[in-house]
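Below is one structure; the comments refer to it alone.
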């Protein structure tokens, strides 16, 4: 990939306008939506594991939506570095964005797997010690990846991707270690999430034909089925938004095994691929996922929807529209 210097095709700068609008919409909707979701889940009196996980998810999603603003600024500045002109800030952004992405994967993993277990084994409960143990293990993987990234001296801004990333000898030991951690943290987790999602779909589908949910109606009731559907939609959204990035990285790792050093040209055989492939699949897809989550909360969680409508600012807007309607 090229560094931050060099001529950028005019067609690319024109297409960047659409990308700017998408980032801007995600920034506004994502930040506002996740802030409201965080307030709601933090104030909620429910002590269920899923409620605590939703609270942490809202925090991570809010941070992801905030961390996309440096990329937006670079696009507005015609792919000039902007915020990324400072090496230390460039490195911090890269490390934090990767860590948030990995943490988001783990939280979706917990939500999906715990709901699948509650479907298949209604009487089984997952202790907090197990969850904390899994969390500690996953955070260790994230810490190792951060350690690998912190040893890279060449994290800098590249105008082709419009954000900071590392680019050096992919045969070095720390790059090999980084690929192993990536496969462990993101690859295995994504596979487990996908399998868990399929199991949930199968169980829900079979329950419509059998009396599965009547085995223990006190534990698996319509409300729990609704919650299960919500988490399934939540998981499906994650899968759709992150599959491109996952396939992208697999292709990249496969490609660099065929070269000693340099750019795997097969991924960048067109101007669109060269200037948009990584930005769309590694940054924007993650931001879109974080933006969609508060929308899912609003559409699927009745209490959250009612809480939003009871907010003073929303009430004033609704009342104003009602008065305007009756005046007509």
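Residue numbers (the numbering used here): 1273 to 1600. Where is the CB? At the ideal position from N, CA and C, for every residue including glycine.
#1: Expressed to the nearest angstrom, what Euclidean distance is found between the alpha-carbon atoms of residue 1472 and residue 1381?
#2: When you compare each of 1428, 1328, 1515, 1367 to residue 1383 by their alpha carbons, which one comes out closest?
#3: Which residues in the same chain have their Cβ closer than 7 Å to the Cβ of residue 1468, if we skip the five residues on either side of it in sequence?
#4: Should residue 1426 go down as buried or exposed, given a rule of 16 or more other Cβ atoms within 10 Å for buried?
#5: Could you check if residue 1431 is buried or exposed, using at least 16 other CB atoms within 10 Å of its CB as the buried criterion?
#6: Please report the straight-line C-alpha distance between residue 1309 and residue 1509, rounded to a whole angstrom.
#7: Between the Cα of residue 1377 and those of 1315, 1351, 1390, 1414, spot the shortest distance and give me the residue it belongs to.
#8: Just confirm the distance between the C-beta atoms of residue 1295 and residue 1343, as a whole number of angstroms; I'd bet it's less than 8 Å.
#9: Just to check my reading of the structure: residue 1568 and residue 1505 have Cβ atoms closer than 8 Å, yes? What is that Cβ distance to the nearest angstrom?
#10: Assign residue 1373 to one of three DSSP states: helix, strand, or coil.
#11: Considering only the beta carbon of each residue, do residue 1301 and residue 1563 sit closer than 8 Å?
#12: Return the CA-CA distance between residue 1464 and residue 1321, expressed in angstroms with no decimal places.
#13: I need the boundaries of the alpha helix (DSSP H) containing residue 1575, first residue and last residue.
#14: When DSSP labels each residue in this structure, what does residue 1436 get in the three-state scheme?
#15: Which class does residue 1223 belong to by DSSP, given the choice of helix, strand or coil?
#16: Roughly how many angstroms lie between the CA atoms of residue 1311 and residue 1283, to the nearest whole one?
#17: State the start and end residues of the unbroken beta strand (DSSP E) segment that holds residue 1428.
#18: Could you tell me the distance, in whole angstroms, from the CA atom of residue 1286 to the CA atom of residue 1584?
#19: On the three-state DSSP scale, how would you describe residue 1366?
#20: State the Cα-Cα distance for the pair residue 1407 and residue 1375, rounded to the nearest angstrom.
#21: Where residue 1435 and residue 1412 are concerned, what is the direct C-alpha to C-alpha distance, given to the nearest angstrom?
#22: At which residues does the alpha helix (DSSP H) containing residue 1283 begin and terminate?
#23: Looking at the unbroken alpha helix (DSSP H) that takes in residue 1423, where does it start and where does it end?
#24: Helix, strand or coil for residue 1513? Go by DSSP, reduced to three states.
#25: Rank 1470, 1367, 1348, 1521 by C-alpha distance to the C-alpha of residue 1288 and give the top, closest one.
#26: If distances are taken between C-alpha atoms only, which option among 1350, 1351, 1338, 1390 comes closest to residue 1365?
#27: Quick check: the Cα distance between residue 1604 and residue 1362, rounded to an integer number of angstroms?
#28: For residue 1367, which residues in the same chain have their Cβ closer than 6 Å to its Cβ, ignoring the five residues on either side in sequence?
#29: Mind pulling the beta strand (DSSP E) runs of 3 or more residues that sit fully within the region 1324-1352?
#30: Leaving out five residues before and five after residue 1345 in sequence, what residues of the same chain have Cβ atoms less than 8 Å from its Cβ?
#31: Check the C-beta distance from residue 1433 over to residue 1550 and give it rounded, since I have them as a contact under 8 Å.
#32: Reducing DSSP to helix, strand and coil, say where residue 1554 ends up.
Result, derived from the coordinates:
#1: Translated into the one-based positions of the chain shown, residue 1472 becomes position 200. Translated into the one-based positions of the chain shown, residue 1381 becomes position 109. Residue 1472 and residue 1381: Cα-Cα distance of roughly 13 Å.
#2: One-based indexing of the chain shown puts residue 1383 at position 111. When only C-alpha atoms are compared, the closest one is 1328.
#3: Sequence index remark: in the chain shown, residue 1468 carries index 196 (1-based). The beta carbon of residue 1468 is closer than 7 Å to those of 1384, 1385, 1388 in its chain, skipping five residues each way along the sequence.
#4: Locating residue 1426 in the chain shown gives position 154, where the first residue counts as 1. With a threshold of 16 other beta carbon atoms within 10 Å, residue 1426 falls short and is exposed.
#5: Within the chain shown, the letter at position 159 stands for residue 1431. With at least 16 other beta carbons inside 10 angstroms of its own, residue 1431 counts as buried.
#6: Position 37 of the chain shown holds residue 1309. Position 237 of the chain shown holds residue 1509. The alpha-carbon atoms of residue 1309 and residue 1509 are separated by roughly 17 Å.
#7: Taking the first residue of the chain shown as position 1, residue 1377 is located at position 105. Distances from the alpha-carbon of residue 1377 to those of 1315, 1351, 1390, 1414 put 1414 closest.
#8: Walking along the chain shown from the start, residue 1295 turns up at place 23. Walking along the chain shown from the start, residue 1343 turns up at place 71. The C-beta distance from residue 1295 to residue 1343 rounds to 7 Å, short enough to fall under 8 Å.
#9: Mapped onto the chain shown, residue 1568 falls at position 296. Mapped onto the chain shown, residue 1505 falls at position 233. Their Cβ separation, rounded to whole angstroms, is 6 Å, which keeps residue 1568 and residue 1505 in contact under 8 Å.
#10: Taking the first residue of the chain shown as position 1, residue 1373 is located at position 101. Of the three classes helix, strand and coil, the one that applies to residue 1373 here is helix, per DSSP.
#11: Residue mapping note: residue 1301 aligns to position 29 of the chain shown, counting from 1. Residue mapping note: residue 1563 aligns to position 291 of the chain shown, counting from 1. In this structure, the beta-carbon distance from residue 1301 to residue 1563 falls below 8 Å.
#12: Here the question's residue 1464 lines up with position 192 in the chain shown. Here the question's residue 1321 lines up with position 49 in the chain shown. Answer to the nearest angstrom: the Cα atoms are 19 Å apart.
#13: Within the chain shown, the letter at position 303 stands for residue 1575. Per DSSP, residue 1575 belongs to the alpha helix (DSSP H) from 1574-1581.
#14: Within the chain shown, the letter at position 164 stands for residue 1436. Assigned with DSSP and collapsed to three states, residue 1436 falls in strand.
#15: Any answer about residue 1223 is impossible in this case: the structure gives the chain only from 1273 up to 1600.
#16: Taking the chain shown and counting its residues from 1, one reaches residue 1311 at position 39. Taking the chain shown and counting its residues from 1, one reaches residue 1283 at position 11. If I take the Cα positions, the gap works out to 42 Å.
#17: In the chain shown, residue 1428 corresponds to position 156, counting from 1. For residue 1428, the enclosing beta strand (DSSP E) starts and ends at 1428-1430.
#18: Translated into the one-based positions of the chain shown, residue 1286 becomes position 14. Translated into the one-based positions of the chain shown, residue 1584 becomes position 312. Rounded to whole angstroms, residue 1286 to residue 1584 spans 41 Å at the Cα level.
#19: Along the chain shown, read from residue 1 onward, the residue named residue 1366 stands at position 94. Helix.
#20: Along the chain shown, read from residue 1 onward, the residue named residue 1407 stands at position 135. Along the chain shown, read from residue 1 onward, the residue named residue 1375 stands at position 103. Residue 1407 and residue 1375 have their C-alpha atoms some 9 Å from each other.
#21: For the purposes of this step, residue 1435 is taken as residue 163 along the chain shown, with counting starting at 1. For the purposes of this step, residue 1412 is taken as residue 140 along the chain shown, with counting starting at 1. Cα to Cα, the separation comes out at about 26 Å.
#22: Along the chain shown, read from residue 1 onward, the residue named residue 1283 stands at position 11. First-last of the alpha helix (DSSP H) with residue 1283: 1282-1315.
#23: For the purposes of this step, residue 1423 is taken as residue 151 along the chain shown, with counting starting at 1. Annotation for residue 1423: no alpha helix (DSSP H) segment contains it, and DSSP assigns it neither H nor E.
#24: Taking the first residue of the chain shown as position 1, residue 1513 is located at position 241. It is helical.
#25: Residue mapping note: residue 1288 aligns to position 16 of the chain shown, counting from 1. Among 1470, 1367, 1348, 1521, the Cα nearest to that of residue 1288 is on 1348.
#26: Residue numbering aside, residue 1365 sits at position 93 when the chain shown is read from its first letter. Ranking 1350, 1351, 1338, 1390 by Cα distance to residue 1365 puts 1338 first.
#27: No answer is possible for residue 1604: the residues shown for the chain start at 1273 and end at 1600.
#28: Start at 1 with the first residue of the chain shown, and residue 1367 comes out as number 95. Excluding residues within five positions, the ones whose Cβ falls inside 6 Å are 1418, 1421.
#29: Listed in chain order, nothing qualifies, since the region 1324-1352 has no complete beta strand (DSSP E) run of 3 or more residues.
#30: As a first step, residue 1345 must be located in the chain shown, where it is residue number 73. The beta carbon of residue 1345 is closer than 8 Å to those of 1354, 1355 in its chain, skipping five residues each way along the sequence.
#31: Looking up residue 1433 in the chain shown gives position 161. Looking up residue 1550 in the chain shown gives position 278. That pair is a contact at about 4 Å.
#32: Reading the chain shown from its first residue, position 282 is the one you call residue 1554. Residue state, collapsed to three classes: helix.
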